[in-house]
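Peer 1: Quick note on this note's numbering: the sequence shown kicks off at 36 and runs consecutively. First the structure, then my questions, so here it is.
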Amino acid sequence: MPRPDDPVRGAPRLARPVDDVPEGSLSALRRQAAGCRRCPLWRPANRTVFGAGPAGARTLLVGEQPGDREDLEGKPFVGPAGQLLRRALAEAGLEPASLYLTNTVKHFKFQPRGKRRLHQRANAAEQAACGHGWLPSWSGWIRTWSPRWARWPQTRCSGRRSG
């Protein structure tokens, strides 16, 4: 049995604790996110997927993490889940272009399988490094922005209809 101070073979390296919270305007936060090295997810990623939408948007929608298409294009919610989201927003009478869309984690975590990249969930340390580092910045920025909050349910879509 390994000692607590021994690295466990095959275990992901944990990110260091978040000691500082980024501050500044939306454009300053975008620049800081592009250079963020708080966790190892930036290494294999193509781009930082920061967010998209008008800076004066009244609604902020925060997803979990970017996917393959988002990593390739550098924009949030452009892949299959984003297409589903846009249809749901349209049905709810919301124009996606009027919302600010972002994710808690700013880089795509994946497992290469041949030519495909399969989505992997960011571990707790990666989520903490990105989510807890950037979300307090968002909340400071939001206080001056005053959006209407959109809350995405914490359930996963199974693709099945109920009823």
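Ideal Cβ placement from N, Cα and C applies to all residues, glycine included. Owing to the predicted nature of the structure, the values given are computational and were not obtained by experimental measurement.
Do K144 and V84 have their beta-carbon atoms positioned less than 7 Å apart in this structure?
Peer 2: Cβ atoms of V84 and K144: not closer than 7 Å.
Peer 1: Helix, strand or coil, according to DSSP, for R118 in the structure here?
Peer 2: According to the sequence shown, residue 118 is Gln rather than Arg. Helix at Q118.
Peer 1: Tell me, please, which residues DSSP counts as bridged to Q146.
Peer 2: L153
Peer 1: Identify, in the order they occur along the chain, each residue of the same chain with its Cβ nearer than 6 Å to the Cβ of F112, setting aside the five sequence neighbours on each side.
Peer 2: L120, L136
Peer 1: Leaving out the 5 sequence neighbours to the left and right, which residues in its chain are closer than 7 Å to C165 when beta-carbon positions are compared?
Peer 2: Result list for C165: R73, C74, T139, V140, K141, in chain order.
Peer 1: Have a look at L124 and A90 and give me their C-alpha separation to the nearest angstrom.
Peer 2: 19 Å
Peer 1: For the beta strand (DSSP E) containing L95, name the first residue and the last one.
Peer 2: Its beta strand (DSSP E) spans residues 94-98.
Peer 1: Which residues bound the beta strand (DSSP E) around W129?
Peer 2: The residue asked about is misnamed: residue 129 is Leu in this sequence, not Trp. No beta strand (DSSP E) holds L129; DSSP gives it neither H nor E.
Peer 1: Measure the Cβ-Cβ separation of S87 and D106 and say whether it is below 7 Å.
Peer 2: First, the residue type needs correcting, since residue 87 is Ala and not Ser in the sequence shown. Not closer than 7 Å, so no.
Peer 1: With H, G and I counted as helix, E and B as strand and the rest as coil, what does DSSP make of A80?
Peer 2: coil
Peer 1: Suppose the cutoff is 7 Å on Cβ atoms and the five residues either side in sequence are ignored; what does the same chain contact list for S181 look like?
Peer 2: For S181, the predicted structure reports a pLDDT of 49, less than 50, and the residue's modelled location is therefore unreliable. The matter cannot be settled from this model.
Peer 1: Using the Cα positions of Q162 and L153, report the straight-line distance between them to the nearest angstrom.
Peer 2: 18 Å
Peer 1: With distances taken Cα to Cα, identify the nearest neighbour of P115 among G109, E126, D103.
Peer 2: D103
Peer 1: Mapping the DSSP letters down to three states, classify A87 as helix, strand or coil.
Peer 2: strand
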